[in-house]
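There are 2 protein chains.
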Amino acid sequence: MKVYLDNCRSTAVDEEVIRAVADSMKNHYAVPSGLSSIGMRCVDAVKKSQEKIAGTLNVEPENIVFTSGGTESNNLALMGVAYANKGRGRHVLTTPIEHPSIINACEELKRNGFKVDYVRVNCEGFIDLESLEGLLNSETILVALGHVNHVIGTVQPLKEVCEVIKDKNEGTVIHVNAAASYTKVPLDLSRLEIDMVSLSSRKIHGQSGVGALNVEENFRIKPVMHGVTSLSDLRPGHENVPGIVGFAKAAEIGFRDMEENMVRARLLSERLVKSILERIPNSRLIGPEKGRSPYISCLSLLDVEGEAMALQLDFLGVTVSTGSACAALRLKEDYVFQAIGLGYREAHGSIRFCLSKYNTLEEIDYVVDSVVKAHSNLARISVFKG
Amino acid sequence: MKVYLDNCRSTAVDEEVIRAVADSMKNHYAVPSGLSSIGMRCVDAVKKSQEKIAGTLNVEPENIVFTSGGTESNNLALMGVAYANKGRGRHVLTTPIEHPSIINACEELKRNGFKVDYVRVNCEGFIDLESLEGLLNSETILVALGHVNHVIGTVQPLKEVCEVIKDKNEGTVIHVNAAASYTKVPLDLSRLEIDMVSLSSRKIHGQSGVGALNVEENFRIKPVMHGVTSLSDLRPGHENVPGIVGFAKAAEIGFRDMEENMVRARLLSERLVKSILERIPNSRLIGPEKGRSPYISCLSLLDVEGEAMALQLDFLGVTVSTGSACAALRLKEDYVFQAIGLGYREAHGSIRFCLSKYNTLEEIDYVVDSVVKAHSNLARISVFKG
């Protein structure tokens with residue numbers, strides 16, 4: 001059996017999306033332009049895609065800017081706002097558990113004259129509202145945080161977070177990275193004072209290489225790249241119409257089935273976590289039990305090394321990833337675990353199980369058996385074993 | 387009959403490429419990573435794509451960095467080298483006829499403390515080697531120029547250009563934008579002292595949203611965006627494997643058939659230009675007769691307005707674009723024409739015919755008839771007509 005549980009990094013592309021992208025490659029190969037019929041069809045395709053995605057967030061279609069993915073959306077949000085508003089202030093807030101594209105963009109801002117403070121999070125990854133309020137000041141031009149943490153699944157209380165920020169400093173721009181939550185955890189932007197939201201196609205069963213940034217119109221932002229543009233002043237380079245059409249199709253499907261998929265994901269996650277905790281002594285859930293995305297469960301298996309577990313599981317047909325090591329071929333420090341105060345052994349025995357709408361009960365039972373088997377193989381030879 | 391002649395902006399995607407992208411979407415949906423079998427298949431797919439593209443340029447596969455398109459490649463090249471080398475000098479050279487992503491990135495550099503000089507070009511768009519030599523100095527960290535001009539098709543004498551630059555200042559980094567020439571005009575980088583080359587998938591019958599930058603290893607360059615990366619330190623965000631696989635397939639096909647396609651394109655272009663010049667009085671070729679890409683012919687039809695011609699031709703099924711108005715929905719000044727000294731009337735009557743490997747003799751004859759018909763319709767009501 002093959003079971004793919006690395007859906008926080010990338011998801012299997014929906015068959016309907018593959019067909020939509022292939023059709024669009026055949027029909028929308030021109031650049032979006034008013035000077036030809038085929039160019040107008042491309043304009044229409046992009047506008048319809050904007051409408052579809054805007055509909056899922058309850059925002060204005062023309063505020064959807066397409067990018068090459070979540071990383072570019074996050075870079076555009078952070079650097080675009082920081083450089084456009086540096087006359088107003090040079091202070092940026094984020095948390096220490098954000099996606100590397102947020103953390104690394106912040107570190108780049110620090111090298112360029114900005115002050116970046118990291119708001120405290122608690123041991124479950126929830127943002128500390130007192131720390132947030134204490135760090136906010138009149139120079140704070142931007143706060144960037146993730147809706148759902150990509151490693152441990154914590155769902156931030158966005159309403160409270162936004163209230164704290166806007167009460168203290170109305171002009172502070174709020175950016176939310178929704179890559180790990182989009183179409184998986186409800187997000188109605190008409191009810192929140194959020195100024196920018198990053199989305200990623202590859203995380204919602206769309207094609208990779210496509211993302212979006214929703215940009216409200218009440219603040220200044222400048223492009224990160226420069227050139228000529230078809231439809232957006234913020235993002236040069238003619239639109240990747242097939243990728244965008246596929247992204248919108250994936251968003252439409254994901255939003256339509258969100259509730260139903262959430263219920264199933266919750267059931268499967270609960271069964272997975274409960275079974276592993278029962279069958280593997282000393283194992284425990286990292287991240288919150290309540291207020292966690294139904295799709296993300298990060299478990300620590302004390303006696304073994306996460307990388308070794310991932311390789312053993314791969315041998316059994318199960319794809320997972322380890323903790324916050326998002327860096328594929330090169331292993332990075334588990335900065336998320338450090339921030340929530342996890343010890344070395346727990347962090348290094350962590351496995352991230354990220355489900356998708358495609359997973360079944362049968363698969364989950366197979367995964368549990370495989371985890372138990374792999375753990376037993378490895379625990380026997382573990383250096384950690386006392 | 388439908389004839390697409392706007393191939394300088396975007397090309398029809400090859401059927402083989404569509405299949406390759408669709409297959410890759412099915413098989414390569416994970417992020418490239420050594421921790422799982424599917425991740426390793428993605429690593430392999432990216433590496434094979436690097437090899438294929440490197441083979442067409444005669445460079446090292448690991449120097450191929452994948453991006454989201456030509457615009458990003460150009461931005462990475464210019465800003466990446468400028469910001470990484472500003473300690474050595476803050477002088478950048480380019481020409482006034484480059485693609486907007488080059489010109490606008492240069493203008494951004496000017497706003498950030500760099501001095502940018504525009505090397506003179508002659509009335510056919512060829513770079514003035516004396517002007518180049520005169521402007522080069524010990525502070526010149528970068529020269530950026532296009533191999534083939536995207537509007538008038540001028541093929542720059544890269545060997546001579548590189549010699550002038552490296553003779554005067556060996557440390558100056560040379561960037562060549564090959565978006566309009568790749569797989570269309572030979573470019574063997576093992577025989578030229580070029581440090582960076584930009585490529586675009588959408589211009590060679592690949593999917594849009596993908597590009598590459600070949601980066602030699604003898605100079606410093608820093609990323610424009612920040613985050614986590616699978617395989618390249620210069621470009622964060624996990625690779626768009628299906629897009630990359632499709633790009634490599636398009637490059638392979640294009641390179642394999644380059645000679646044969648060039649011969650046919652030359653034949654068709656000559657027939658197109660000769661027929662229009664014969665049948666429409668006062669029309670003329672803009673750009674060089676010799677040293678021009680066989681795929682690009684820009685013609686000026688004195689008595690009519692280019693935009694109106696494009697719309698009339700579209701009505702007859704023929705897609706073209708007008709001069710340097712690359713900006714689709716918003717019309718930009720014809721800066722390329724200004725730089726080569728073209729008058730207002732000639733510039734505004736310009737039509738760009740950009741062929742691809744798919745065009746046939748029958749199509750070209752239909753285009754000529756359509757141009758004559760559209761011109762006759764418009765000339766009757768033209769405000770230019772004396």
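Just so you know, the protein sequences line up as chains A and B, in that order. In this text, residue positions in the first sequence follow this note's numbering: the first is 1, and each later residue adds one. In this text, residue positions in the second sequence follow this note's numbering: the first is 387, and each later residue adds one. Virtual Cβ for every residue (Gly too), placed ideally from N, Cα, C.
Chain A partners of residue i, CB-CB under 7 Å?
i	result
Ser423(B)	Asp314
Gln593(B)	Met25 and Pro242
Ala408(B)	Ile18 and Ala22
Ala733(B)	Those do not exist, as Ala733(B) stays about 16 Å from chain A at its closest Cβ, beyond 7 Å.
With H, G and I counted as helix, E and B as strand and the rest as coil, what does DSSP make of residue i?
i	result
Arg330(A)	Low per-residue confidence applies at Arg330(A): pLDDT is 41, beneath 50, and the placement is therefore not dependable, though the value from the model is reported in the following sentence. It is coil, neither helix nor strand.
Asn413(B)	helix
Ala442(B)	Just to set this straight, residue 442(B) is Thr in the shown sequence, not Ala. Correct three-state label for Thr442(B): helix.
Ser230(A)	coil
Leu187(A)	coil
Ser661(B)	helix
Tyr83(A)	helix
Lys115(A)	strand
Thr172(A)	coil
Val127(A)	A small correction: the amino acid at residue 127(A) is Ile; Val does not occupy that position in the sequence shown. In the structure shown, Ile127(A) sits in a strand (DSSP, three-state: E or B).
Ile607(B)	coil
Thr94(A)	strand
Ile527(B)	strand
Val757(B)	helix
Val304(A)	coil
Val721(B)	Per the sequence shown, the amino acid found at residue 721(B) is Tyr instead of Val. Helix, per DSSP.
Would a check of beta-carbon distances place residue i closer than 8 Å to chain B?
i	result
Lys26(A)	yes
Ser10(A)	yes
Val224(A)	yes
Leu329(A)	For Leu329(A), the pLDDT reaches just 37, beneath the cut-off of 50, and the residue's location in the model is therefore unreliable, leaving the point undetermined.
Asn104(A)	yes
Ala310(A)	yes
Val210(A)	yes
Residue i versus chain B: which residues are under 7 Å apart at the beta carbon?
i	result
Arg220(A)	Result: empty, since nearest Cβ-Cβ is about 15 Å, beyond 7 Å.
Which residues share a DSSP beta bridge with residue i?
i	result
Val451(B)	Leu599(B)
Arg738(B)	Cys684(B) and Ser707(B)
Asn177(A)	Gly146(A) and Ser198(A)
Val285(A)	For the sequence presented, residue 285(A) should be read as Leu rather than Val. Bridge partners of Leu285(A): Leu299(A).
Arg678(B)	Thr540(B)
Tyr4(A)	Thr319(A)
Leu378(A)	Per DSSP, none; premise fails for Leu378(A).
Val403(B)	None; Val403(B) has no bridge partner.
Val848(B)	In the structure displayed, chain B extends from 387 to 772; residue 848(B) sits before or after that span and is not available.
Val507(B)	Ile513(B)
Using a C-beta to C-beta distance shorter than 8 Å, which residues of chain A count as neighbours of residue i?
i	result
Glu693(B)	Leu35
Ala416(B)	Tyr4, Asp6, Arg9, Ser10 and Thr319
Glu458(B)	Ser68, Met225 and Gly237
Glu494(B)	His226
Does the beta-carbon of residue i have 16 or more other beta-carbons within 10 angstroms, so that it is buried, or is it exposed?
i	result
Arg395(B)	buried
Lys676(B)	exposed
Val653(B)	This sequence places Leu at residue 653(B); Val is not what is there. It counts as exposed.
Val407(B)	buried
Ile127(A)	buried
Lys123(A)	Residue 123(A) is actually Cys in this sequence, not Lys. With fewer than 16 Cβ atoms within 10 Å of its Cβ, Cys123(A) is classed as exposed.
Ser138(A)	exposed
Met79(A)	buried
Met196(A)	buried
Tyr344(A)	exposed
Residues of chain B with CB under 9 Å from residue i, in chain order?
i	result
Ala82(A)	What Ala82(A) touches in chain B: nothing, since even the nearest Cβ is about 12 Å away.
Leu234(A)	Those within 9 Å of Leu234(A) in chain B number zero; the least Cβ separation is about 13 Å.
Would you say residue i faces chain A, with C-beta separation under 8 Å as the test?
i	result
Ile483(B)	no
Pro486(B)	yes
Val758(B)	no
Asn461(B)	yes
Leu479(B)	no
Val753(B)	no
Val583(B)	no
Val399(B)	yes
At a CB-CB cut-off below 9 Å, which residues of chain A make contact with residue i?
i	result
Leu573(B)	Ordered by position in chain A, no residue passes the 9 Å Cβ test against Leu573(B), which lies about 22 Å from the chain.
Val432(B)	Per Cβ cutoff of 9 Å: no residues; Val432(B) is ~11 Å from chain A at best.
Under 8 Å Cβ-Cβ, which residues of chain B neighbour residue i?
i	result
Ala339(A)	Within chain B, no residue comes near Ala339(A); the closest Cβ sits about 16 Å away, beyond 8 Å.
Should residue i be counted as a contact of the ligand PLP given a C-beta to heavy atom distance under 7 Å?
i	result
Leu355(A)	Annotation note on the ligand PLP: not contained in the displayed structure, which lists no ligands.
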